[in-house]
Amino acid sequence: MSETELLLWIRGPALQIATVIFVLGAVVRIAEILLLGRKKNLAEARGSAVAGGLRTIFSRSVPDRGTLQRSTFNVVAGYVFHIGFFITLFFFAPHILLFSDVFGVSWPSMPTPIVDATAIVTIIALLAVLAHRLRHPVMRFLSRFQDYLVWLLTILPLVTGYLAFHRIGLSPPMLMALHILSVELLMVIFPFTKLMHAFTIFMARYYNGAIAGYKGVHS
Amino acid sequence: MSKDKTLGEALRRQGVSRRGFLKFCAATASLMALPPGMAPVIAAALEKARRPSVIWLSFQECTGCTESLTRSHSPTVEGLIFDAISLDYHHTLQAAAGTAAEAAREAAMEENYGKYILVVDGSIPTANPGYSTIAGISNQDMLMDVAKGAAAIISVGTCAAFGGIPHANPNPTGAVSVSDLVKDKPIINVPGCPPIPVVITGVLAHFLTFGSIPELDQLGRPKVFYGKSIHDRCYRRPFYDKGLFAKTFDDEGAKKGWCLYELGCKGPTTYNACATTKWNEGTSFPIEAGHPCLGCSEPDFWDGGGFYKALSMPTEDITRTAVYAVGAGAAAGVALGAMNRAKKKRVEKAHQKATIDDLEKDG
Amino acid sequence: MTQSSHTAELKVESGEELTHNVQPLLNEVRHALVKLLDDGGRTVIDLRSIPLAPGEEQKLLDELGRGEVHAQLSALGSSDFVETRYPGVWVVEHFNSNDEVIGKFIEVCDIPDLLRSQQDDIREGLEQLQTQLA
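Following this line, the structure appears as structure tokens:
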């Protein structure tokens, strides 16, 4: 199979398979969580559960002072990685074209040199996070295979994307093929790992906020 | 058709002075994308080069490749090269027809057995030999027969090189490329829809000068013309690097000559000489004229996802797949959710606590 | 080429951000001139092998300008030899008999090779003259 044929397969059938597994898997897991339901609180409501839930989704995005002081590295590295990943994925012009083709919506892109620099910063943050996980005794003790797998699946699209844009190493069609393939791998493994937190954190924040809001306390 | 005369003698006979011959060599070096210092080397080689016999077979093609080649009138460099070779058989260009033409072909093959160059344009149908025949002979039979005595084969145009438009989905004629059928001869692919004329004659010039096949890439294309992608030589590259794209064919970006990535340009994955050699004696090329590159020198460019869909877009309908997956996921989720609830109720009835482990074991 | 008001409306302006090949090319010419003075070595630059944005080639040629010499060759079509305003820097354009461009070079030398009379041609001319006088 030539490089061109490989790239066409990756942009076509492979992407279909990855989409099915990713979407089906994520929807099944979310549906299961929702349908499991929550224990009914028989006490009288002291406040609004819904308001508490919705507010908490946003308020938890700001770290509380205690956590920030105790785990400065985790909080800072985590934020840098997540924001960097978000910018690289959603504000690079060719990616926006992909989303506009699949979802029919588009938005302005950021200048490519900025996205390029952001990708580097994000990769550095991921490397720092791995180093921390390996060196901190508690982190090392707690880490399982899935933690390292998920880290690898996250950094591969960033690295392959950077190489593909700058056309370093292999032929450009091959680099493009590897980049899209790495994304498809991420999609396929996603629903079976803790990466589901991308969807479930909003549900968890809501539940926590709703419970507290119902009781009329701050969350 | 004297086949023994060298190119130098042939030119002198036409009244071309030494000065004219040197001008021809300088232009040929430029055409072959060789450094100007090579002109004397070319002069020395061409003077002694013998005129090779060339048989040109046209199969399932639109004649665009021949048209591309013959647009320029002699004596140009292209024209001279055609004078330099002995074109013994070519449907469109030859005066003869019918049995006389086939007899001429067979005579040329016999006289130069093992030494003639076979040029092919058009793809070869394999689903039914009757889809394309010449004088009652199927394309496939003629190709295999003529290929036997050829020194080398040049597949001109994307159809001969990779199957081209007949090969596009659903390929009703079973069209294949020359290299799909001939396995025991050196084949040079000169793809493009059509190829740039100077690329075709540049390959012939290489034969004349060096008597050998130029260095080929993994798809059998001469690296000297197909070694770089359009993207890597495109004058609009600075706009791509900065992220300045034309979004429609007539917006401000388009008027300012910004990058055409968003309009579907396949430049980044296409290898050809369009960005440097250009078309019509260096006048322009598609991107310079404001149209995204089609990727016409690559295999399967007709099925590559659409000329106006950017490279980062999927080639198939992902939206529909995602919608179906959501539907299926919701159905499966509801079913599983119902099963989970039923299990929970069952366990509660038995006055036992259900934990997540219970669900995980059976779920 | 015909000019129409419609064409004028749609004129494509090249942005200021061009490929910036003009400056490096002129530097290459400068190096070649130094070499020419040092050891008499000639340099030939093939203008068709460099990706120039629309307008850049003209900018380059305008910068080089025209000097004291303009020679025309008539062999297999015409060829133009112009010494630019920098002596030793020649712009050479080859055309076929249909006035289509088949080669474009910058030659840094004391005189382009093709302007010299060639030994073979001189020999043949001598033979013809001898026949004439005989």
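Residue numbers (my numbering), protein chains in the order written: chain A, 1 to 219; chain B, 1001 to 1363; chain C, 2001 to 2134. In this text, a Cβ means the ideal position worked out from N, Cα and C, and glycines have one as well.
Neighbour list for residue i in chain B, Cβ cutoff strictly below 8 Å
i	result
residue 2094 of chain C	1023, 1026 and 1027
residue 5 of chain A	1299 and 1300
residue 176 of chain A	1268, 1269 and 1311
residue 19 of chain A	1318, 1321, 1322 and 1325
Residue i at chain B interface by Cβ criterion, 8 Å
i	result
residue 2103 of chain C	yes
residue 2114 of chain C	yes
residue 113 of chain A	yes
residue 127 of chain A	no
residue 2193 of chain C	A query on residue 2193 of chain C cannot be resolved here, the shown segment of chain C reaching from 2001 to 2134 and no further.
residue 63 of chain A	no
residue 16 of chain A	yes
residue 2071 of chain C	no
residue 2060 of chain C	no
residue 24 of chain A	yes
residue 173 of chain A	yes
residue 207 of chain A	no
residue 212 of chain A	no
Chain A within 8 Å of residue i, Cβ atoms only
i	result
residue 1322 of chain B	yes
residue 1310 of chain B	yes
residue 1174 of chain B	no
residue 1110 of chain B	no
residue 1318 of chain B	yes
residue 1059 of chain B	no
Member of the options whose CA lies at the smallest distance from the CA of residue i
i	options	result
residue 1249 of chain B	B:1158, B:1170, B:1292 and B:1010	B:1292
residue 2122 of chain C	B:1018, B:1341 and B:1099	B:1018
residue 1064 of chain B	B:1140, B:1164 and B:1113	B:1164
residue 1239 of chain B	A:111, A:20, A:119 and A:179	A:111
residue 1319 of chain B	A:15, A:88, A:3 and A:146	A:15
residue 1254 of chain B	B:1236, B:1268, B:1034 and B:1271	B:1236
residue 1118 of chain B	B:1170, B:1054 and B:1286	B:1054
residue 1174 of chain B	B:1128, B:1257, B:1358 and B:1355	B:1128
residue 1047 of chain B	B:1336, B:1178, B:1211 and B:1144	B:1211
residue 209 of chain A	A:3, A:87 and A:48	A:48
residue 1061 of chain B	B:1035, B:1068 and B:1123	B:1123
residue 1044 of chain B	B:1028, B:1052 and B:1056	B:1028
residue 194 of chain A	A:120, A:161, A:38 and A:153	A:153
residue 1246 of chain B	B:1330, B:1264 and B:1056	B:1264
residue 1300 of chain B	B:1269, B:1282 and B:1327	B:1269
residue 2073 of chain C	C:2082, C:2065 and C:2039	C:2082
Contact test: residue i Cβ vs the ligand FMN heavy atom, cutoff 7 Å
i	result
residue 93 of chain A	Ligands are entirely absent from the displayed structure, and the ligand FMN is therefore not among its contents.
Contact list for residue i against chain C, beta-carbon separation under 7 Å
i	result
residue 1030 of chain B	2046, 2048 and 2103
Min CB distance residue i to chain C below 8 Å
i	result
residue 1075 of chain B	For residue 1075 of chain B, the pLDDT reaches just 39, beneath the cut-off of 50, and the residue's location in the model is therefore unreliable, although a value from the coordinates is still provided. At least one chain C Cβ lies under 8 Å of residue 1075 of chain B.
residue 1009 of chain B	no
residue 1017 of chain B	yes
residue 1275 of chain B	yes
residue 1235 of chain B	yes
residue 1268 of chain B	no
residue 1033 of chain B	yes
residue 1195 of chain B	no
residue 1067 of chain B	no
Proximal chain B residues relative to residue i, where beta-carbon distance stays under 9 Å
i	result
residue 203 of chain A	Per Cβ cutoff of 9 Å: no residues; residue 203 of chain A is ~14 Å from chain B at best.
Contacts that residue i makes with chain B (C-beta to C-beta distance below 7 Å)
i	result
residue 32 of chain A	1333, 1336, 1337 and 1340
residue 95 of chain A	1312
residue 169 of chain A	Those do not exist, as residue 169 of chain A stays about 14 Å from chain B at its closest Cβ, beyond 7 Å.
residue 11 of chain A	1305, 1314 and 1315
8 Å Cβ cut-off: residues of chain A touching residue i
i	result
residue 1248 of chain B	Result: empty, since nearest Cβ-Cβ is about 13 Å, beyond 8 Å.
Per-residue contacts from residue i into chain C (C-beta, under 8 Å)
i	result
residue 1047 of chain B	Correct list: empty, because the minimum Cβ distance to chain C is about 10 Å.
residue 1037 of chain B	2044
Cβ of residue i within 8 Å of any chain F Cβ
i	result
residue 188 of chain A	Judged by its chain identifiers, the structure shown contains no chain F, and its protein chains are A, B and C.
Closer than 7 Å at the beta carbon, the chain A residues around residue i
i	result
residue 1226 of chain B	Here the premise fails: no neighbours, minimum Cβ distance about 12 Å.
Task: Segments assigned beta strand (DSSP E), at least 3 residues, entirely inside the segment 1096-1182 of chain B - done: 1116-1121 and 1150-1156
TODO: Kindly confirm or deny that the segment 2044-2059 of chain C and the segment 2115-2130 of chain C touch, where touching means at least three C-beta pairs closer than 8 Å.
DONE: no
Task: Length-filtered (4 minimum) alpha helix (DSSP H) runs lying within the segment 1038-1068 of chain B - done: 1039-1048
TODO: Pair every Cβ in the segment 1091-1102 of chain B with every Cβ in the segment 1025-1042 of chain B, then say whether three or more of these pairs are closer than 8 Å.
DONE: no
Open item on the list: Across the segment 1134-1151 of chain B and the segment 1283-1291 of chain B, are there enough close Cβ pairs to call them in contact, namely three or more that are closer than 8 Å?
Closed with: no
Task: Validate contact between the segment 141-160 of chain A and the segment 125-132 of chain A using beta carbons, cut 8 Å, 3 pairs - done: yes
TODO: Go through the segment 1185-1212 of chain B residue by residue and report every complete run of the alpha helix (DSSP H) that reaches 4 residues or more, in order.
DONE: 1197-1210
Open item on the list: Contact between the segment 1271-1278 of chain B and the segment 1194-1212 of chain B is defined here as three or more beta-carbon pairs at a separation below 8 Å; is this criterion met?
Closed with: yes
- [ ] Within the segment 1009-1033 of chain B, note down every full alpha helix (DSSP H) run reaching 4 residues or more, in order along the chain.
- [x] 1018-1031
- [ ] Please specify which runs of the beta strand (DSSP E), each continuous and at least 3 residues long, are wholly inside the segment 142-193 of chain A, giving them in chain order.
- [x] none
- [ ] Pair every Cβ in the segment 180-187 of chain A with every Cβ in the segment 10-30 of chain A, then say whether three or more of these pairs are closer than 8 Å.
- [x] yes
Open item on the list: Give the list of continuous beta strand (DSSP E) stretches no shorter than 3 residues that lie fully inside the segment 2022-2056 of chain C.
Closed with: 2043-2046
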